[in-house]
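To convert, note that position 312 of the sequence shown is 312 in full-length UniProt numbering; the numbers rise steadily by one, no gaps. Ideal Cβ placement from N, Cα and C applies to all residues, glycine included. Step one of this worksheet: look at the structure below.
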Amino acid sequence: MTAPVDDFASYSATDGALVLASVSSPAELELLTDWLKDQRREHPDSTIEILQLPAADEPAPGVLAQLVEELEADEDRLVVPVRVFWVPAGLPTRLKVAGLVAGRDTYRPAEILQRRILRKDPSRARVVAGEPAKVSELRKQWSDTTVAENPREFAHFVLRRAELAIERVELRLLGPEYKSPRLVKPEMLASARFRQGLEQIPGATVEQAGAMLDELSTGWSRFSVDLIPALGRAIFSRGFDPRIDYDHAEIESMRHALEQHPAVLLFSHRSYLDGVIVPVAMQENRLPPVYTFAGINLSFGLMGPTLRRSGVIFIRRKLDDPVYKYVLRQYVGYIVEKRFNLNWSIEGTRSRTGKMLPPKLGLLAYVADAYLDGRSDDILLQPVSISFDQLHETAEYAAYARGGEKTPEGLSWLYNFIKAQGERNYGKIYVRFPEAVSMREHLGEPNGEIARDPAAKRLAMQKMAFEVAWRILRVTPVNATNLVSALLLSARGIALTLDQLHHTLQDSLDYLERKNTPMTTSALRLRTAEGVRSAVDALSGGHPVTLIDSGREPVWRIAPEDELEAAFYRNSLIHAMQETSIVELALAHAARARSGDPLQVFWDQVMRLRDLLKFDFYFADTAAFRDNIAEEMSWIENWEEKVRAGGEEIYQLLRAKRPLLASAMLRPFFEGYAIVADVLRDAPPEISEPALTKRALGVGRQYLAQDRVRSNESVSALLFATARQVAADQNLLANGPDLKARRSAFREELRGIVADMNEVDAIAREQFNLREIRHRDLDSPSA
C-alpha cells in the first residue's frame, strides 16, 4: 500500500529526529510504515526514531512516559510531527452527518472505509509532516509561556505544538476557509498570563475557568465548516435568489487585508439569516472563516452542538460573573493573538425598524484590550453590510411596534422560521465589505497612552464603532422595495397608478444618482414602467402593498394596517435622504422666522435637527455634516442670498427643489417625539420607560383616531423608546427647576417642526398635482 508522501529532505541536516506519528487505524499504520522506509532509505546517515500516538485521544500513560524520556535524551534532536491526511472526497453524506453529531472529524474516513478508498484511489491519502523543531527550542517556548515545571506537562506542550504544526500543513492543502482554532482550553489553562490574571480574582479556580472555556470554546469539524454554509444556503435559497450579490473589488481588497492582520467582522443585523450569510459569503469567496459570537439562547437541541462545531461561540446574556468576564476577555485575546477572525453584529441585536441601531461596545472592548495589551500589532474592524429586497420578519417587527412580545427561540421557532423562508419570493441578498477600520489608527500604539486612560479609550472606541457603522451605511445599496415603500407611505393610504408611481419616482432616482448613492439593479430598473410594475408586483398581496385591479386600471396602496411593515423598508434608505430632508425642514423654519438673519436661523435649525435625530440616525461628524449640507445647497445658484432674503424667497426655493422628502422620511419620528412630549406634560418627573411607552401608545392611538397625527408609523413602541432617549438628552426625565416649563417648550418646539413638515408636504403635493396635469396634457390627443 502506497500513498504520496511529503519531502523529508529539509529534516536531514541533523543526525537524529523523533517522529511523532498520529495514526488511527491499521491502514494508516501501513501508510506510515511505507513512508518511514522511504525516509530511512533516502537519509541513511540520519537516526529516525518513531513514537506512535493515537490520532485524537489522549496518549496512554506509558506512551506519555516514553515521550518524556525521548525529550530528555537529547536537546538538539528534531521533533517531527507526522499524520495521514485524507483528501476530502466521496464520503457518504449520511456518515458525515453521523460523525458530526458524534463530534468526530468527518474528513478522516471511518476505519471500515479506508482500505476501500485506498484500493480505488491511493491518491486520496498522503502522509504529511509538520514543521520540525529542536527539543531545546520547544523547551524555551514552554518556559516562556507557561507556569508548569513537570516534565509530563512539557510532553503535553510538545504534543500540542505538534498538533498545531500538522494543522498548518493541512490548512495549506485545504485552503484558508478551513482555518480553525485548536487546543484552546489546554493552551489557555497552561498560559502564565492566564493563570496570573486568574489568581487576582477572589475565589476563582482553574477548574471553574476550565468549565467556562468548555462552554465558550467552539468545537471543530471540517465537515461542519462545510455543513453550516450549505444549510444556510439551503434555508435562504427557499425564498431568495441563491446567488448573493457582492462587490468583487471589495472582496479582493478584504482578502489582502486579512492576510496582514486579524479582523473582527461587524455586520448590520436585520434578520436571523445574517448569522449564516456571513459564513456563506466567506466560504464561497475562499476567505478565512469567522468565529461568530451568538447569544446562548440560540444553543438549543441539536442546533447548539452543530453550530458550536462550526465556529459559533455562545455567550451568556448577563456578564455579571467576574470569573466569566475574565475568561471571556482572555478567550477573545487568545483568538486574536492566534490571528483568527471574529464576527458579530455591531448593533448587538436585530434592528426591528430597518435603520441601524447604535453600536454596542461590550465585546469590542475585549478586542481593544487584546490590542492594547500587545497581542497583535493591529486588528481590523471590517464593516459588513447585509441587506435584502424583502424579509418575512417585517410582520414580526410590526407586532413589536404595536407593543407585542418577542417569541422565544426553540425547535418550533426554528421550524417556523425555516418554513417561512419558502412562503414567497423575497428577492436578492446584498453583501458589501467596505474598507476596514484600523484599531491602531484609533487607539494608538499598544501599551500606549490610551491604554492607561479609560475615558480616552472609551471615546476612541465610540468614534471607531461609529466609523464602522457609517461605512456600512455608505455602501448599503438602495433597492426598489425601499423606494416604492417610501413613495406609497407618503401617499398616506391613497392608491397610485403605475404612471403616477413611475413619474414620481424619477426625482428620487435623479437625486440618488447625483449623490452617487449605490443602488441595486431593481432600483435602477425603476427608470422604466416595466421595472416599477415588477417592483410593486413583488410587494403586492399585503407585503406590504395592496393591489386593486377591479377598475379601469390597476392601482397600488399601502393599507393602514401594513404601514409599519412598509416603514421597515423605507427606514432602510433614510440614511441616503436624511441630509436633504433636514435641509427642507430648516428652510421652512427659516421662512417663517420673525427675527434674526434667516441664513443663520437656517444653519441653527440644521444643527438642532441633527441633534434631535442623533439617537435614531448616524451622522457624519459636525464639520463634515455642515460641509455636506453646504454641498447640497450649492446645487442652487446664489442659495445664501436667497435664504438671507427670507420669507417668500425661501418658499420659492422649496417649490423648485426636487424631490421634497422631509415628510416621507422624517414625519413618523418627529410625530412620535411630539406624542412623547405631549405625554410628558402631566407625567411624573421620573416616569419609567414601560409607563411612558404605555401612555404614549394610548395617546397615539387617540390622536390617530382624531387625525391629529398623519402616520400610523408614529404610534410605535420601538419609536417611543428612542423618543424617550431624546427627552432624557434634553434633561426632561429628572426632577429639576422649571421642569414643567421646559417640557412645555420642548412640546411646542416639536409642534413647530411638524408644522414645518406640513408646509413642505403641501408644496410636495402641489408638485405632484402639477406633474399629473402636465403628464395628462402630454398624453392627450391634442398634445
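Endpoints, the beta strand (DSSP E) within which Pro81 is located: Its beta strand (DSSP E) spans residues Leu78 to Trp86.
Supposed contact pair Arg432 and Thr476 - C-beta distance, whole angstroms, cut 8 Å: Between Arg432 and Thr476 the Cβ distance is about 7 Å, and since that is below 8 Å, they are a contact.
Beta carbon of Ser271 nearer than 8 Å to that of Arg350: Against a cut-off of 8 Å, the Cβ pair of Arg350 and Ser271 comes out as a contact.
At least 3 beta-carbon pairs within less than 8 Å: the stretch 711 to 730 vs the stretch 689 to 700: Under the Cβ criterion (8 Å, minimum of three pairs), the stretch 711 to 730 counts as touching the stretch 689 to 700.
Beta carbon of Arg316 nearer than 8 Å to that of Tyr326: No. Outside cutoff.
Inter-residue spacing [alpha-carbon to alpha-carbon] between Arg161 and Leu381: Going from the Cα of Arg161 to the Cα of Leu381 covers about 29 Å.
Contact check, Gly542 vs Arg424, beta carbons under 8 Å: No; because the gap between Cβ atoms is not below 8 Å, this pair is not in contact.
Alpha-carbon to alpha-carbon, Thr580 and Glu632: Approximately 7 Å, taken between the alpha carbons.
Cβ distance (whole Å) where Ile494 is taken to contact Arg557 below 8 Å: Cβ-Cβ separation between Ile494 and Arg557: approximately 7 Å, consistent with a contact (criterion under 8 Å).
In chain order, each alpha helix (DSSP H) run of at least 4 residues that lies wholly inside the stretch 7 to 66: Whole alpha helix (DSSP H) segments, 4+ residues: 26 to 42.
Span of the alpha helix (DSSP H) around Phe617: Counted as a single uninterrupted DSSP element, the stretch harbouring Phe617 is not any alpha helix (DSSP H), since DSSP gives it neither H nor E.
Classification of Lys96 by the beta-carbon crowding that lies within 10 angstroms, buried from 16 upward: Confidence at Lys96 is low in this model, with a pLDDT of 49, below 50, so its placement is unreliable and the value that follows should be read with caution. So Lys96 counts as buried.
Unbroken alpha helix (DSSP H) run spanning Gly333, endpoints: According to the DSSP assignment, Gly333 belongs to the alpha helix (DSSP H) that extends over Pro322 to Glu337.
Burial state of Gly295, where buried means 16 or more other Cβ atoms lie within 10 Å: If you draw a 10 Å sphere on the C-beta of Gly295, you find fewer than 16 other C-beta atoms in it, and that means exposed.
Rounded distance between the beta-carbons of Leu489 and Arg402, thought under 8 Å: About 17 Å separates the beta carbons of Arg402 and Leu489, which is beyond the 8 Å limit, so they are not a contact pair.
Nearest-angstrom Cα separation, counted from Met464 out to Ala764: For Ala764 and Met464, the distance between alpha carbons rounds to 39 Å.
Segment contact, 8 Å Cβ cut-off, at least three pairs: the stretch 451 to 463 with the stretch 355 to 375: Counting Cβ pairs under 8 Å, three or more are found: they touch.
Between the CA atoms of Leu31 and Leu18 - distance to the nearest angstrom: When rounded, the distance between both Cα atoms is 18 Å.
Contact between the stretch 536 to 550 and the stretch 447 to 454 (3+ Cβ pairs under 8 Å): No: fewer than three Cβ pairs fall under 8 Å.
Spatial neighbours of Val532 in its chain, beta-carbon cut-off 7 Å, leaving aside the 5 residues before and after: Result list for Val532: Leu498, Leu501, His502, Leu505 and Leu526, in chain order.
Gln767 in three-state terms, based on DSSP: Gln767: helix per DSSP, three-state reduction.
Check whether Ile235 and Val276 have beta carbons under 8 Å apart: Contact: yes.
Whole-angstrom distance between Pro88 and Asp34, CA atom to CA atom: Rounded to whole angstroms, the separation of the alpha carbons of Pro88 and Asp34 is 22 Å.
Inter-residue spacing [alpha-carbon to alpha-carbon] between Trp639 and Val555: If you take the alpha carbons of Trp639 and Val555, they lie about 39 Å apart.
Under the three-state DSSP convention, the category Gly462 falls into: The sequence shown places Gln at residue 462, rather than the Gly named in the question. Helix at Gln462.
Backbone secondary structure at Val676 - three-state DSSP: Under the three-state reduction of DSSP, Val676 is assigned to helix.
Which residues DSSP lists as bridging Ile650, in chain order: DSSP output for Ile650 lists no bridge partner at all.
Proximal residues to Ile166 (C-beta, below 7 Å), its chain only, five neighbours per side dropped: Pro81, Arg83, Val128 and Gly130.
Per-residue DSSP class, three states only, for Ala98: Bear in mind that a pLDDT of 48 at Ala98, under 50, signals an unreliable position, so the number given afterwards is only what the model happens to contain. If DSSP states are grouped into helix, strand and coil, Ala98 belongs with the helices.
Residue closest to Gly404, alpha-carbon to alpha-carbon, out of Gly410, Leu411 and Ala395: Relative to Gly404, the option among Gly410, Leu411 and Ala395 whose CA is nearest is Ala395.
Endpoints, the alpha helix (DSSP H) within which Trp413 is located: Bounds of the alpha helix (DSSP H) holding Trp413 are Leu411 to Gln421.
Start-end ranges of the alpha helix (DSSP H) lying completely within the stretch 221 to 298, minimum 4 residues: DSSP assignment within the stretch 221 to 298 yields the following whole alpha helix (DSSP H) runs of 4 residues or more, N-terminal first: 222 to 236, 248 to 260 and 274 to 284.
Where the beta strand (DSSP E) containing Phe314 begins and where it ends: Segment Val312 to Ile315, the beta strand (DSSP E) holding Phe314.
Any 3 or more C-beta pairs closer than 8 Å across the stretch 581 to 593 and the stretch 640 to 652: In short, these stretches touch, since the Cβ pair count reaches three.
Length of the line joining the Cα atoms of Asp678 and Leu666: Each residue's Cα considered, the two are about 18 Å apart.
Beta strand (DSSP E) segment containing Phe388, residue limits: Segment Leu380 to Phe388, the beta strand (DSSP E) holding Phe388.
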